[in-house]
Amino acid sequence: MAKYLVIVESPAKAKTIKKFLGSNYKVEASNGHVRDLPKSQLGVDVEDDFEPKYITIRGKGELLSKLRKEVKKAQKVFLATDPDREGEAISWHLLKALNLEGKQTSRISFNEITKNAVKNSIKDAREIDMDLVDAQQARRILDRIVGYKISPLLWKKIKKGLSAGRVQSVALRLICDREDEINDFIPEEYWTLEAFLKINEKEIISCKFYGKGNEKIKISTQEELLVIETELKNAEYKISDIRKSERIKKTLVPFITSTLQQEASKKLNFSTQKTMRIAQQLYEGVDVEGEGTVGLITYLRTDSTRISEEADSLLRDYIRLEYGEHYLSEVVQEKKSTKKVQDAHEAIRPTYVHFEPDKVKKSLSKDQYRLYQLIWTRFVASRMQPAKYITTSIKIDANDYRFTTSTSTLAFDGFLKVYKLDEEEEKENNLLNVITKETELKYEALDGKQHFTQPPPRYNEASLVKILEELGIGRPSTYSPTITTIIQRRYIIKENKSLFPTELGEIVNSIMKEYFQDIVDTNFTAKLEKELDQVEEGLFDWKQVLRDFYPEFSITVDKAEEEIGDIKLEEEVTDIVCEECSKNMVIRYGRHGKFLACPGFPDCRNTKPYYEKIGVTCPKCTGDIVIKKTKKGRRFFGCENNPECDFMTWQKPTDKKCPNCKNVLLEKGKKLVCVDEKCNYQTENIK
C-alpha cells in the first residue's frame with residue numbers, strides 16, 4: 002500500500018509524475034478547482050469584512066469522497082498543484098475540502114515536470130503560501146463583486162444574460178476605442194517618387210526621393226510632385242556619398258506567456274486559447290517514443306525571462322557542440338519591463354534541450370510539434386550571438402534634390418541560424434554592394450505614386466495581449482480567458498484575425514464608460530493589479546484591497562441604479578406583418594443583436610432579420626439605406642434592395658452630396674468625406 006498521496010490538477014499531469022515516483026506514492030487528480038463561490042448569489046459577505054462563502058463545485062462531490070478515502074490510507078499528503086497563485090489557491094481549497102488540517106500535509110511545486118524537479122520538490126516540501134492564496138482570493142472576490150453588481154444593471158438597460166468583468170471591460174474598451182479612432186481617421190494624401198537609374202548596360206537600381214540636401218521634403222500633392230519632376234528633367238544623377246556600417250540584430254529573450262501568445266499568433270496563426278491549451282499539454286506530459294510520458298516544456302504562465310543555472314549550462318554545452326564556440330553568446334539579453342516582474346518562475350523553455358523538435362516529432366500532433374519547435378528554437382537562440390549585417394547607404398544628388406537607397410547584407414547569422422525572423426526574408430540588393438562613388442548613373446525613369454495615410458490597425462489577439470501587458474492589465478494567466486470571454490459573449494468578433502466590436506459590445510462599452518468610469522479606466526485597473534502583486538509579496542493585506550475598492554464602487558453602483566431605474570425593455574412594435582399569423586412583428590434582442598420576432602411566440606415562432614433605416618436614400622437606386630451586419634456581426638450600411646442593388650459602406654452615409662463629383666458624403670468623425678477615395682473631398686460635419 003502506498004504511504005504517500007500526491008494530488009495534482011489533471012490526469013495527464015498525474016500520469017507524468019507517476020513514472021518519477023516509486024510504489025510508495027499514489028498520484029491522484031482533482032480535475033482543477035474543487036471549491037468556488039456559488040453561482041446563484043454574490044457569495045461574499047461585504048458586511049462581514051468581505052468574508053467569502055465557498056461551496057463545493059457541483060459534480061465534484063464524488064471525486065472528493067474518493068480523495069478523502071485515499072487521504073485516510075496515506076501517512077502524508079503532498080499537494081502538487083500548479084506553481085502560481087491559482088495553483089496555490091487550489092491546494093488551499095483541497096486542504097479545506099479534504100479536512101487535511103490535522104493530517105501531515107505539505108505543498109510541493111515545480112516549474113517543470115521532470116524527475117529531478119519532482120523529487121527535489123518533495124525534498125523542499127513546504128507549507129501553503131497564504132500570501133499567494135490571498136492574492137488569488139482578492140482577485141476572485143474583486144471580479145465577483147464587479148460582475149455580480151454590474152451585470153443586473155446591464156440586464157435592465159439592455160437584455161438578460163449579459164455580464165461585465167473587471168479585466169474584460171477594459172479589453173472591450175480598448176477594442177471599441179480603437180474602432181472609434183479608425184472611424185474618425187481622415188486619410189491624408191502624400192506622394193512618393195522613385196528614380197530608376199542604369200549602372201551598366203543591363204543592371205538598374207532604384208532610389209527613393211529624400212528632399213533637398215539634408216532637408217527632408219514631404220510631397221503632399223500631385224502639383225508638388227509635378228514641380229519636382231519638371232526640375233529633375235534632364236538632370237544629371239551623381240553619387241554624393243557611400244557609407245558602409247555594421248548593424249546588430251540583438252538576440253531574443255526566451256518566451257514568457259505574452260510573447261509566446263503573440264509569436265504563436267503571428268507565426269502559427271494560433272488563437273491565444275489554442276496556444277495555452279497546447280502549451281498545457283506539452284507541460285503536463287506527452288508520450289514520447291522510447292521515453293514514456295515526458296513533460297516537454299516548463300510552466301507556461303510566467304512573466305520572467307530567467308533561466309535556471311543548470312538549464313543555462315546545458316544549453317551552452319549544446320550550442321558549443323552543435324554550432325561551435327563562435328555562435329555562443331557570453332552576454333545574457335534581458336527583457337526590459339516597466340512593471341515589476343514576478344520572478345518565481347523561469348521563462349518558458351524545453352525541459353530537455355537534447356529533445357530536439359525533429360526527434361520527438363513522431364510523438365506529437367502537428368500543432369504540438371509546431372508550438373514545441375517555436376519554444377525550442379527561441380530558447381536555443383536566446384544564448385547565441387547577435388546577427389551582424391553590413392549596411393550600405395548611398396546618397397544620389399540631382400539638381401539640388403537628393404535620392405537615397407540602401408541594402409543590408411548578412412555578415413554573420415548568429416541566432417538566426419536557428420530562429421528565423423519574418424523581416425529577414427527580404428531579398429538583399431547585391432547590386433548596391435558593387436557601386437563606388439565613381440560609378441556612372443544613367444537616368445532611366447521616374448515613378449511618382451499617390452498614397453494615403455492609413456488609420457491605426459485594429460487589434461488582433463497578439464497585439465491586444467501586448468497592449469494589456471504594457472498597460473499592466475491582467476497577468477499571464479488572464480490574457481487568454483479574457484479574450485475568449487468577450488468573444489463568447491459576442492461583444493467582439495474575430496474577422497481575418499482582426500477584432501471588431503459588435504453592436505452589443507458597443508452598447509455595453511458605452512454604458513460602462515458612462516456609469517463605471519473607474520472599472521474601464523486602464524490606470525485604475527493597473528493600480529489594482531499592482532496591489533494584488535503586493536499582496537502576493539506579503540506587503541499588503543488582501544482584504545484592504547477590497548476595503549479600499551468597495552465603498553466608492555458601491556456608491557457608483559447605487560448612482561447607476563438610480564439613473565437607470567427600473568427600466569423595462571418594452572418590445573418595439575413595427576409595421577412589418579408576420580407572414581404566418583398576420584400580427585405586427587416586434588423588435589427583440591438576441592445573441593447577435595436586434596431581430597424581428599412574432600409576438601405570438603411560442604404559438605408562432607416566425608423570426609427574420611431586422612434592418613434599421615437611417616433616413617437616407619440609396620445613391621444607386623430609390624431604396625432606403627439600412628444598418629446591416631456581416632455573418633460575424635460587424636455592422637455596415639447597405640441598400641434594402643440588396644442583392645439587386647450592391648451599394649454598401651462601413652461609414653454612415655448622409656443625404657448630402659459631394660460638390661465635386663456628386664457622390665454621397667459619409668460621416669467620418671467630425672467630418673464629412675466623399676465615398677469616392679479618389680475624389681478625396683472632405684468638409685466639417687455641420688448637423
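Position in the sequence shown counted from 1, then plus 1, gives you this note's numbering.
No residue lacks a Cβ here, since even glycine has one placed at the ideal position from N, Cα and C.
Bear in mind the structure is a predicted one, so any value in this text is a computation, not a measurement.
Length of the line joining the Cα atoms of residue i and residue j
i, j, result
"I109", "W93", "12 Å"
"E230", "P644", "46 Å"
"G291", "K362", "13 Å"
"V509", "L155", "7 Å"
"T483", "Y460", "14 Å"
"K595", "R589", "6 Å"
"L315", "I520", "47 Å"
"A139", "G44", "13 Å"
"F637", "D604", "33 Å"
"I698", "A236", "The structure shown has nothing for residue 698, since the chain only spans 2 to 688."
"P84", "S555", "34 Å"
"L64", "S31", "7 Å"
"G286", "F550", "41 Å"
"L226", "L433", "26 Å"
"Y284", "A348", "13 Å"
"A388", "R248", "8 Å"
"V617", "D656", "6 Å"
"N100", "S511", "47 Å"
"S272", "I376", "16 Å"
"E195", "K234", "14 Å"
Cβ neighbour criterion (16 or more within 10 Å) applied to residue i
i, result
"Q386", "buried"
"P477", "buried"
"F709", "The structure shown does not extend to residue 709, since the chain is modelled only from 2 through 688, so no value can be given for it."
"G415", "buried"
"F501", "buried"
"P654", "buried"
"E462", "buried"
"L322", "exposed"
"S464", "buried"
"K679", "exposed"
Boundaries of the alpha helix (DSSP H) in which residue i is found, first to last residue
i, result
"I279", "T273 to E285"
"W93", "R86 to A98"
"F525", "T523 to E537"
"S364", "Note, S364: premise wrong, no alpha helix (DSSP H); not H, not E."
"G148", "M131 to K158"
"G616", "Segment E613 to T618 is the beta strand (DSSP E) holding G616; no alpha helix (DSSP H) there."
"C177", "R167 to D185"
"E189", "Here E189 belongs to no alpha helix (DSSP H), and DSSP marks it neither H nor E."
"Q263", "T258 to L269"
Option nearest residue i by Cα separation, candidates the options
i, options, result
"K421", "A382, E532 and Q262", "A382"
"K116", "I129, L22 and P39", "L22"
"E564", "E515, C599 and F541", "E515"
"L96", "S259, Y444, V72 and P502", "V72"
"Y402", "R127, K671, T631 and K209", "K209"
"S364", "L233, L301, V295 and V171", "V295"
"S207", "D448, C680 and E311", "D448"
"T684", "K653, E537, E678 and C659", "C659"
"Y444", "I468, D423 and I397", "I397"
"D559", "D522, V546, F517 and E532", "F517"
"R278", "E532, S330 and S366", "S366"
"F607", "S583, K630, I114 and D625", "Residue 607 is actually Asn in this sequence, not Phe. Ranking the options by Cα distance to N607, first place goes to S583."
"K245", "L68, I436 and E441", "I436"
"L472", "N100, K528 and R491", "K528"
"K360", "D288, R302, T392 and K418", "D288"
"I628", "C622, C619 and I615", "I615"
Endpoints, beta strand (DSSP E) assigned at residue i
i, result
"I494", "I493 to E496"
"G639", "R636 to C640"
"F554", "Per DSSP, F554 belongs to no beta strand (DSSP E); it is in the alpha helix (DSSP H), W543 to I565."
"T405", "Y402 to F413"
"S107", "T106 to R108"
"L6", "Y5 to V9"
Distance cut-off 6 Å: residue i Cβ against heavy atoms of the ligand MG
i, result
"M586", "Questions concerning the ligand MG fall outside what the structure shown contains, since it holds no ligand whatsoever."
Short CB-CB distance (under 7 Å) between residue i and chain B
i, result
"V587", "The structure shown contains no chain B, having only a single protein chain."
Below 8 Å, how does it come out for the region 212-232 and the region 484-503: are there three or more Cβ pairs, yes or no? At 8 Å Cβ cutoff, the stretches do not touch.
When you compare the region 445-463 with the region 173-190, are there three or more beta-carbon pairs, one atom per stretch, that lie closer than 8 Å? yes
Looking at C-beta atoms only, is the number of pairs between the region 540-559 and the region 574-581 that lie closer than 8 Å three or more? no
Between the region 398-417 and the region 149-167, do three or more beta carbon pairs fall short of 8 Å? no
May I ask you to verify whether the region 122-130 touches the region 99-114, counting CB pairs closer than 8 Å and requiring at least 3? yes
Taking 8 Å as the threshold, find out whether the region 305-323 comes into contact with the region 240-258 through three or more Cβ pairs. yes
Taking contact to mean at least 3 C-beta pairs separated by less than 8 Å, is the region 262-273 in contact with the region 351-362? no
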